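Peer 1:
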Amino acid sequence: MATPESPQHAAQVRQEIMRSVGGPAFREFSIAFTLMSLIPLLIGAYVYAARLLAIDIFRSWTRAYLLLAVVFALLGFVVGRRLVQTVLARLVEANIKVRQHELLKSGFVANVAYELRPPLAAVQLSLKNLTDGLLGSLSDAQRELVADCHITVDRLTRLTTDLIELTDVEQGREGLQLDAFELREAVHEAVHRGRAYFTSHELTTELQLPKDPVWFFGDRQKLMQALTCLLYHASRSSPVGAAVTIELQPLPQEWRLTVAHPVSSGQSSADDVPVSLQGLGLHLVKDIAERHHGRYWSDVDTQGTARSILALPVVETPSQPPSAQSAG
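If you count the sequence shown from 1, position 54 lands on 55 in my numbering, and the numbers rise without skipping.
1) Can you name the start and end residues of the beta strand (DSSP E) that Leu311 belongs to?
2) If I measure Cβ to Cβ from Val110 and keep anything under 6 Å in the same chain, skipping five residues before and after, which residues do I get?
3) Enumerate in chain order the residues of its own chain whose CB-to-CB distance from Gly295 is below 8 Å, with the five nearest sequence positions on each side excluded.
4) Roughly how far, in whole angstroms, is the beta-carbon of Leu157 from the beta-carbon of Leu131, given that I think they are within contact range, below 8 Å?
5) Could you tell me the distance, in whole angstroms, from the CA atom of Trp298 to the CA atom of Leu231?
6) What does the alpha-carbon distance come out to for the pair Gly242 and His262?
7) Provide the residue span of the alpha helix (DSSP H) that contains Val188, from first to last.
8) When you compare each of Glu203, Asp300 and His293 to Leu179 by their alpha carbons, which one comes out closest?
9) Which whole-angstrom value describes the C-beta separation of Leu249 and Val188, a residue pair presumed to lie in contact below a C-beta threshold of 8 Å?
10) If you drop the 5 nearest sequence neighbours on each side, which residues of the same chain put their C-beta closer than 7 Å to that of Arg257?
11) Please report the distance separating the alpha-carbon of Pro119 from that of Val286.
12) Under a Cβ-count criterion, where at least 16 other Cβ atoms within 10 Å of its own Cβ denotes burial, should Gly137 be classed as buried or exposed?
13) Can you pull the DSSP bridge partners for Leu208?
14) Based on Cα-Cα distance, which residue from Glu166, Pro211, His202 and Glu207 lies nearest to Arg185?
15) Which of the three DSSP states is assigned to Ser239 in this structure?
16) With DSSP run on the structure shown, which of helix, strand or coil describes Asp133?
17) Assuming Arg1 contacts Thr229 (C-beta within less than 8 Å), just tell me the rounded distance between them.
18) Taking the straight line between their C-alpha atoms, what separation do you get for Leu252 and His284?
19) Do Ala197 and Asp149 have their C-beta atoms closer together than 9 Å?
20) With DSSP collapsed to three states, give me the class of His151.
21) Can you give the Cα-Cα distance for Met225 and Val80, rounded to whole angstroms?
22) So, with DSSP's three-state summary, where would you put Ser299?
23) Could you name the residues that DSSP lists as bridge partners for Arg257?
24) Taking the beta carbon of His234 as the centre, do at least 16 other beta carbons fall within 10 Å, making it buried, or is it exposed?
25) Would you mind stating whether Val147 and Leu128 have Cβ atoms separated by less than 9 Å?
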């Protein structure tokens with residue numbers, strides 16, 4: 002990676018400046034300054050025409066005004082063009098420096114996250130051995146403590162995974178693997194994956210899905226990750242014993258997936274949405290939605306029910322699984 006002081010960075014800055022100076026944005030600026038510089042010339046032409054109609058074109062002050070207008074027009078064009086070049090060059094250089102620093106920061110965060118994975122995996126394995134009784138039987142109090150440690154380690158593991166995902170997105174290393182898949186099946190699988198979250202908080206789930214298959218063309222793994230994140234955050238911000246509703250609603254232009262749940266005490270107003278519905282995972286949900294040309298938002302109604310909404314555009318998809326089509 003080129004640092005902000007390296008020769009590679011300087012060459013990149015120069016190339017970026019040349020592309021910007023010769024690009025459409027600079028041409029628009031040039032046209033604007035050209036039109037502005039023509040204003041004195043047009044005024045001079047108007048005055049000159051007025052004097053011409055008055056058969057009095059030989060007065061020295063009229064000719065001097067016209068000459069002055071032409072000079073101002075040329076100066077305005079030259080100075081304006083130079084000014085725009087300088088401003089664009091500085092903006093491009095500043096933008097590249099900011100981007101370089103962001104890449105350095107993302108690389109550092111990714112390295113830290115990768116370094117955290119091995120010790121977390123070792124801790125998970127040790128906790129599993131304790132739970133399985135490989136090191137001797139545990140009392141009820143000890144089992145409860147080990148279960149709490151499991152939850153904490155799982156949360157840290159999810160945090161490191163989210164950090165790695167975010168840095169991959171920021172550095173543009175992650176693409177989408179597009180294919181047709183059935184959204185209802187994805188929802189069922191996400192709920193199945195999140196059963197541990199719901200069980201630990203004594204939560205129940207209610208599915209409201211269409212009867213007919215719902216096909217979507219996108220990255221199934223990424224959308225599964227988004228759904229899992231929504232369910233995970235719903236389990237964290239819901240009171241014990243609450244019900245979480247997952248609804249897939251067909252609309253004319255989009256499929257709208259809503260995860261609704263009551264928020265815990267102290268989080269019952271719209272101002273508390275960032276408290277109950279925040280986290281690195283939800284930044285990934287927003288990014289995944291936008292990369293599929295969809296939307297993501299959240300809110301809390303007056304009854305204290307939080308809603309996380311993922312809207313995906315309706316696309317032309319097969320009416321049966323691809324395997325069935327190929328078999329036919």
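Quick reminder that beta carbons are idealized off the backbone N, C-alpha and C, glycines included. Small disclaimer: the values here were computed from a predicted structure and weren't measured.
Peer 2: In this structure, then:
1) Leu311 -> beta strand (DSSP E) spans Thr306 to Pro314.
2) Leu164 and Thr168
3) Glu255, Leu311, Ala312, Leu313 and Pro314
4) Contact doesn't hold; Cβ gap of about 17 Å is too wide.
5) Going from the Cα of Trp298 to the Cα of Leu231 covers about 11 Å.
6) 11 Å
7) Leu184 to Arg194
8) Nearest option by C-alpha distance: His293.
9) 6 Å
10) Gln250, Ile310 and Ala312
11) 26 Å
12) It counts as exposed.
13) Note: Leu208 sits in a beta bridge opposite Ile247.
14) Of the candidates Glu166, Pro211, His202 and Glu207, the one whose C-alpha sits nearest the C-alpha of Arg185 is Pro211.
15) coil
16) Look at Asp133 here: in three-state DSSP terms it is coil, with no helix or strand label.
17) Because residue 1 is not part of the residues shown, which for the chain are 2 to 329, the question remains open.
18) 25 Å
19) no
20) helix
21) Between Met225 and Val80, the C-alpha separation is close to 56 Å.
22) Note: Ser299 maps to strand in three-state DSSP.
23) Gln250 and Ala312
24) buried
25) yes
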